[in-house]
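Scroll down for the structure; my scribbles are underneath it.
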Amino acid sequence: MPAHESQDPSKSEPRYKLKIKRKMLYLKSYFRDMKCPGCYKITTVFSHAQTVALCIGCSTVLCQSTGGKARLTEGCFFRRKQH
9 MPAHESQDPS KSEPRYKLKI KRKMLYLKSY FRDMKCPGCY KITTVFSHAQ TVALCIGCST
69 VLCQSTGGKA RLTEGCFFRR KQH
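Read in order, the letters of the sequence shown are residues 9 to 91 in the numbering used here.
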């Protein structure tokens, strides 16, 4: 038996490999089209944006960073962007 297999047998199990594949199959982040409640222009924003997103037309704040997903401003509408 090779030396690298005897060091950590738990990582050679198929269960460990499936867990890694399952985590990598999908992402929780996405892009979304946000509609401004004032001027109704559409702006594309990342779901986990780390900065404040402003409307292109009237500079209204559309969403703010929370450390995870960006929090929408009240009155803003969005739809998930398709690939």
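For each residue, glycine too, the CB sits at the ideal point set by N, CA and C.
What does a CB cutoff of less than 6 Å around residue i pick up in its chain, not counting 5 residues either side in sequence?
i, result
"His72", "The amino acid occupying residue 72 in the given sequence is Gln; His does not appear at that position. Within the same chain, Gln72 has close Cβ partners Val60 and Arg79."
"Tyr38", "Ser55 and Arg88"
"Cys47", "Gly65 and Cys66"
Given this structure, state the Cα-to-Cα distance separating residue i from residue j, to the nearest angstrom.
i, j, result
"Cys81", "Gln58", "The sequence shown places Thr at residue 81, not Cys. Near 15 Å, if we compare the C-alpha coordinates of Gln58 and Thr81."
"Ile64", "Thr74", "22 Å"
"Phe54", "Lys89", "10 Å"
"Cys66", "His91", "28 Å"
"Arg40", "Tyr34", "17 Å"
"Thr68", "Thr52", "14 Å"
Taking the alpha carbon of residue i as the reference point, which residue from the options has its own alpha carbon closest?
i, options, result
"Lys36", "His91, Lys77 and Gln90", "Lys77"
"Phe86", "Tyr34, Met42 and Tyr38", "Met42"
Going by the CB atoms, is the gap between residue j and residue i shorter than 8 Å?
i, j, result
"Cys84", "Leu70", "yes"
Leaving aside the five residues before and after residue i along the sequence, list all residues of the same chain whose C-beta is less than 7 Å from its C-beta, in chain order.
i, result
"Pro45", "Gly83 and Cys84"
Report whether the distance from the Cβ of residue i to the nearest heavy atom of the ligand MG is below 7 Å.
i, result
"Thr74", "Absence of the ligand MG from the depicted structure is noted, as is the absence of any ligand whatsoever, leaving it without description."
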